[in-house]
Amino acid sequence: MKLSTKGRYGVKAMFELALAHGNGPTSLNIIAEKQNLSIHYLEQLFSSLRKAELVRSIRGAQGGYILARNPEEITVGEIIRTLEGPLAPSDCVIENEDKGHDCNRAGCCVTRTVWKKIWDSINDVVDNITLQDMIDDHDKMTSEEGYMYYI
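Residue numbers (full-length UniProt numbering): 1 to 151.
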């Protein structure tokens, strides 16, 4: 399973906001420069992140974006799902209240069981990594002498 640029760039951008948490708003220009990302693409991503209430926009000359919650309260899973949708390896494991499963064999399909285990594992990992965890990892990596860390 491979994430699109939406999910990957969104996590990078949110990491930059987490690093700046408590220091006021960060402009998209700064995030784009630090992460070598397109500002136009970031604008699209931040529209979704703002609607999901993961970030807040601050208007004005010194404006930009801030995290809507503390870094320890925002998970990588929330960010990726906001930008990518469900992280299911197959549509058959996504339970839809309106339609149920599209496959008429869902109740007796062995491969669906495999996809469900993969999906549960992926969700468990991304839902247990917070932006604060990323900051902590970053601090450990950058404190090693001579090591430069990029995400």
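In this text, a Cβ means the ideal position worked out from N, Cα and C, and glycines have one as well.
Measuring alpha carbon to alpha carbon, tell me which residue in the options is nearest residue i.
i           : options                      : result
Thr75       : Pro25, Asp124, Ser4          : Asp124
Ala88       : Glu72, Pro71, Asp120, Thr111 : Asp120
Val15       : Ile58, Lys117, Glu72, Ser4   : The residue asked about is misnamed: residue 15 is Phe in this sequence, not Val. Comparing Cα positions, the closest option is Glu72.
residue 210 : Lys51, Trp115, Asn70, Arg112 : No information on residue 210 is available, as it lies outside the stretch 1 to 151 that the chain covers here.
Ser4        : Ile30, Asn70, Leu45, Asp133  : Leu45
DSSP beta-bridge partners for residue i?
i      : result
Tyr65  : Thr26, Ser57
Thr130 : Thr75
If you draw a straight line from the C-alpha of residue i to the C-alpha of residue j, how long is it?
i           : j      : result
residue 152 : Lys2   : Residue 152 lies beyond the stretch modelled for the chain, which goes from 1 to 151, so this question has no answer here.
Glu97       : Asp91  : Residue confidence for Glu97 is low, a pLDDT of 48 falling below 50, so the modelled location carries little weight and cannot support an answer.
Gly60       : Cys108 : 57 angstroms
Ile94       : Pro86  : 8 angstroms
Ile39       : Leu131 : 21 angstroms
Tyr9        : Tyr41  : 9 angstroms
Asp137      : Lys116 : 29 angstroms
Are the beta-carbon atoms belonging to residue i and residue j less than 9 angstroms from one another?
i     : j      : result
Ile79 : Gly22  : no
Leu17 : Leu67  : yes
Leu54 : Glu43  : no
Phe19 : Ile122 : Note that residue 19 corresponds to Leu in the displayed sequence, not to Phe. Their beta carbons are not under 9 angstroms apart, which means Leu19 does not touch Ile122 by this criterion.
Gly63 : Ile129 : no
Leu49 : Lys12  : no
Asp26 : Tyr65  : The residue asked about is misnamed: residue 26 is Thr in this sequence, not Asp. Yes. Within cutoff.
Could you have a look at residue i and say whether DSSP puts it in helix, strand or coil?
i           : result
Asn36       : coil
Cys109      : coil
residue 160 : Residue coverage of the chain in this structure runs from 1 to 151, which leaves residue 160 outside it and unanswerable.
Gly85       : coil
Leu49       : helix
Ser121      : helix
Asp98       : Because the pLDDT at Asp98 is just 48, under 50, the model does not fix this residue reliably, and the value given afterwards should be weighed accordingly. If DSSP states are grouped into helix, strand and coil, Asp98 belongs with coil.
Lys12       : helix
Leu3        : coil
Ser90       : coil
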